[in-house]
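Chemist: This is the structure I have questions about; it appears just below.
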Amino acid sequence: MRGILLGLLVGLGAAVACGGSTSSDGKSGGAGGSGGATTGGTSSGGSSSGGSSSGGSSAGGTGNVSGLTACSAPGTCELFATNCCGGYCDPNAPLGGFTAVNETKLNEFEAALCPGDIACPGCVSFDNPNYLALCRAGQCTAVNLRDDSLSACQSDSDCRVRWGSDCCEDCGGGNPDQLVAYNKDKSLEAEVCNPNDGACPPCAPPPYPKSILPYCGPDGHCTYTIVGP
Numbered sequence: 008m009r010g011i012l013l014g015l016l017v018g019l020g021a022a023v024a025c026g027g028s029t030s031s032d033g034k035s036g037g038a039g040g041s042g043g044a045t046t047g048g049t050s051s052g053g054s055s056s057g058g059s060s061s062g063g064s065s066a067g068g069t070g071n072v073s074g075l076t077a078c079s080a081p082g083t084c085e086l087f088a089t090n091c092c093g094g095y096c097d098p099n100a101p102l103g104g105f106t107a108v109n110e111t112k113l114n115e116f117e118a119a120l121c122p123g124d125i126a127c128p129g130c131v132s133f134d135n136p137n138y139l140a141l142c143r144a145g146q147c148t149a150v151n152l153r154d155d156s157l158s159a160c161q162s163d164s165d166c167r168v169r170w171g172s173d174c175c176e177d178c179g180g181g182n183p184d185q186l187v188a189y190n191k192d193k194s195l196e197a198e199v200c201n202p203n204d205g206a207c208p209p210c211a212p213p214p215y216p217k218s219i220l221p222y223c224g225p226d227g228h229c230t231y232t233i234v235g236p
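As C-alpha cells, this is what we get:
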C-alpha cells in the first residue's frame, strides 16, 4: 500500500512540474524597449514546457482560431507554443512551433487549440529572445529577429546588442544567452512597445559584456561574437 501511495505522489509531482504557462508583460525591468515575445500557453492537464528535439512533440489540436490573431497596435501580440505545453525544452526549437496571437485572445486560442489533457515532458522551458510576436499589417506575426528586417545591416557599425527583445531591457539580467543583436537605426522599440503601457521602470540594465562584439554577418543581418579570453 505504501508503494502505491508513493507512486501516486511521484506521479502527481511530475504533473505539477510540467504545469503552467509562461508569459511576460514586457515591462519587467529596464530602460529600453518592451516586447510581445512570450511563450505562453497552458493545457487543462497542466504544462510548462514542451518538447521539440528533447522529448516533446507538437500536441495541439486544430480548433477554430480565426479572428484571434488580428491586432491594431504594437506590443499587443504574444507567442503561443502550439505544443500546448507553454514552451519547448530546446531554446532553438523552430519558430514554426509558435503562433502569434492577440494577447487579449490567448485564453480563447488555447481553448480552441488545446482541448482536453495534454501530456507534456518534464523538462524546463526556455524562451528564445530572438523570437517575437509583432503586430504587422493588422495581424500578429511570429518573427525571428535574426533574419528579420529589424536586424538587416550593411556594415558592422549598424549593429548593437541589448538584453532581450522585450520593450524594457531586464535590469537584473546579465545572462549572455539573453542578448540579441539588431540594427540600431531600425525601430525595434517602436514595434515591441505598447504605447499605452507607459514608461519602463527607472532602473539601468547591466552593462553589456566587453567580450561581446556585434557585427554585420555574411547574411546581411546583425549578430555578435565573443572575443578575448
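Residue 8 is where the sequence shown starts when you use the numbering used here, and the numbers rise one by one after that. A virtual CB, placed ideally from N, CA and C, is assigned to each residue, including glycine.
#1: So A144 and L86 are in contact, right, with Cβ under 8 angstroms, and what is the actual spacing, rounded?
#2: For G74, count neighbouring C-beta atoms within 10 Å of its own C-beta (all shown protein chains included) and say buried if the count is 16 or more, exposed if not.
#3: Curious, which full-length beta strand (DSSP E) runs of at least 3 residues does the segment 100 to 169 contain?
#4: Which residues bound the alpha helix (DSSP H) around L195?
#5: Among the candidates N182, P209, S158, whose CA atom is the shortest distance from the CA of P225?
#6: How is the beta strand (DSSP E) around Y189 delimited, first residue to last?
#7: Do F105 and A140 come within 9 angstroms of each other at the CB atom, strictly closer than that value?
#8: Could you tell me whether the Cβ of C200 comes closer than 9 angstroms to any Cβ of chain B?
#9: State the beta-bridge partners of C174 as determined by DSSP.
#10: How should D134 be labelled, buried or exposed, when 16 other C-beta atoms within 10 angstroms of its C-beta is the threshold for buried?
#11: Taking a contact to mean a Cβ-Cβ separation below 9 angstroms, would you say C91 touches E115 in this structure?
#12: Pick out whichever of T230, C78, N109, C121 has its Cα sitting closest to the Cα of G93.
#13: With 16 as the cutoff for other CB atoms within 10 Å, does V7 come out buried or exposed?
#14: For Y215, which residues does DSSP report across the bridge?
#15: Considering only the alpha carbon of each residue, which of P208, G103, V168 lies closest to N190?
Modeler: Once the coordinates are examined:
#1: For a cut-off of 8 angstroms, the C-beta gap from A144 to L86 is around 18 angstroms, too long to register as a contact.
#2: By the 10 Å Cβ count, G74 comes out exposed.
#3: 105 to 109, 138 to 143, 146 to 151, all fully within the segment 100 to 169.
#4: Start and end: 195 to 199.
#5: Its Cα nearest to that of P225, the residue S158 stands out among N182, P209, S158.
#6: Run containing Y189: 186 to 190, per the beta strand (DSSP E) assignment.
#7: The beta carbons of A140 and F105 sit closer together than 9 angstroms.
#8: No chain B appears in the structure shown, which is made up of a single protein chain.
#9: Paired residue(s): none; C174 is not in a bridge.
#10: Buried, by the Cβ-count rule.
#11: No, the pair does not count as a contact, with Cβ atoms beyond the cut-off.
#12: By alpha-carbon distance to G93, the top candidate from T230, C78, N109, C121 is C121.
#13: This structure does not reach residue 7, given that the chain is present from 8 up to 236, and the question cannot be answered.
#14: Here Y215 is not bridged, per DSSP, to any residue.
#15: Looking at P208, G103, V168, the one whose alpha-carbon comes closest to that of N190 is V168.
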